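All letters in the sequence shown, in the order written, are residues 9 to 166 by this note's numbering. Yeah, the Cβ is synthetic: ideal placement off N, Cα and C, and Gly gets one too. Quick caveat, the model's predicted, so the values are computed rather than measured. A quick write-up on the structure given underneath.
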Amino acid sequence: MAVGELVPASPRQTTPTSVTLFSTVRDCAEVCNTIAQSFAPTKINSQHIANVYELGRQAGDCTTIFPGWDLFNHRDVTITSWADLDLYQMNWGSELGRPDFVRFPFSAADGVCIILPRRRAKSASHSQNLVEVVVMLKAEHLEALKTDRLWQSLVGEQ
């Protein structure tokens, strides 16, 4: 098993519903693993971040910079991962220091998922195997997702 590989839990009971759910979770896990293996972590490094920062600096007004995809009224989901960015290890200077936590500021979007950076500090109060994911959807789609059995099986009790 590779680091970061998703492995679905075995169903507690073997019923047609649980077998179907298990197959769906396994299929979803295989897709997630394929996506994860396609990333090149070496591409997003301090130079890449410096280049993005420079783009914002040169623009002057950062609100004029937009993603290159439609954030609304489409049927796609955009997923980006910050999981392996060592933002908790970065020192932001004498005034800010190292971050205690990393969060994404409020942003209205539909179909955007952001996997937040892993906390690697030994003092972290949660398992290092867990990641936090920000899911941005239209309100009615988010409500439907909250009641979906497959989603509930993946995220657990909230």
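Residues near residue i by beta carbon distance below 7 Å, same chain, minus five either side
| i | result |
| --- | --- |
| L14 | Low per-residue confidence applies at L14: pLDDT is 41, beneath 50, and the placement is therefore not dependable enough to give any value. |
Buried or exposed by the 16-neighbour rule on C-beta atoms within 10 Å, applied to residue i
| i | result |
| --- | --- |
| V120 | buried |
| R157 | exposed |
| L150 | exposed |
| L63 | exposed |
| L104 | exposed |
Inter-residue spacing [alpha-carbon to alpha-carbon] between residue i and residue j
| i | j | result |
| --- | --- | --- |
| K154 | S161 | 11 Å |
| R65 | G164 | 41 Å |
| P125 | N59 | 20 Å |
| S159 | V141 | Sequence inspection shows Trp at residue 159; the Ser mentioned does not correspond to that position. Near 13 Å, if we compare the C-alpha coordinates of V141 and W159. |
| E148 | W100 | 38 Å |
| L95 | R127 | 9 Å |
| E144 | D118 | One point to set straight first is that residue 144 is Met, not Glu, in the sequence displayed. Near 5 Å, if we compare the C-alpha coordinates of D118 and M144. |
| Q55 | D69 | 22 Å |
| K146 | P107 | 30 Å |
| N53 | Y61 | 12 Å |
| D171 | S102 | The shown model of the chain, from 9 to 166, leaves out residue 171, and the question about it has no answer. |
| F109 | S115 | 18 Å |
| T71 | A152 | 31 Å |
Whole-Å CB distance - residue i paired with residue j, under 8 Å assumed
| i | j | result |
| --- | --- | --- |
| I122 | T88 | 6 Å |
Own chain, CB closer than 6 Å to residue i, minus 5 neighbours either side, in chain order
| i | result |
| --- | --- |
| I73 | A67 |
Cutoff 8 Å; reference residue i; Cβ partners in own chain excluding five residues on either side
| i | result |
| --- | --- |
| F112 | I122, L124, V142 |
| V139 | A91, I123, L124, R126 |
| V85 | G119, V120, C121 |
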